[in-house]
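Be aware that the sequence shown starts at 464, since it is given in our numbering, and climbs by one per residue.
Glycine is no exception: its CB is placed at the ideal position from the N, C-alpha and C atoms.
Predicted, not measured: the structure shown is a model, and the values here were computed from it.
Working notes, beginning with the structure itself.
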Amino acid sequence: MEPWLPSQVAAACSTGWQPGYYAWHLENVRRLPLPQAMMAARRLYKVDFSLIDSGA
Numbered sequence: 464m465e466p467w468l469p470s471q472v473a474a475a476c477s478t479g480w481q482p483g484y485y486a487w488h489l490e491n492v493r494r495l496p497l498p499q500a501m502m503a504a505r506r507l508y509k510v511d512f513s514l515i516d517s518g519a
């Protein structure tokens with residue numbers, strides 16, 4: 464996590480910024496082998512990739 468800067472608003476497709484906001488810095492982002500239903504929520508959660516069908 465790092466401070467979110469006003470200069471990053473457009474790249475984030477956001478409509479606003481305020482002092483004190485933070486942003487995640489993601490690395491090693493990978494596409495899943497097949498589309499999978501995943502929970503989408505504003506919190507942190509773990510995905511058990513061993514349960515995801517690899518399509519093989």
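Check                                                                                                                                          : Outcome
Rounded to whole angstroms, what is the Cα-Cα separation between D511 and Q481?                                                                : 34 Å
Relative to the C-alpha of P484, which residue among E465, L507, K509, A474 is closest?                                                        : First, the amino acid is wrong: residue 484 is Tyr here, not Pro. For the residues E465, L507, K509, A474, the minimum Cα distance to Y484 belongs to E465.
Excluding five sequence neighbours on each side, which residues of the same chain lie with their C-beta closer than 8 Å to the C-beta of H488? : M464, E465
With distances taken Cα to Cα, identify the nearest neighbour of A486 among W467, T478, A475, R494.                                            : W467
Tell me which same chain residues have a C-beta within less than 6 Å of the C-beta of V472, skipping the five on either side of it?            : W480
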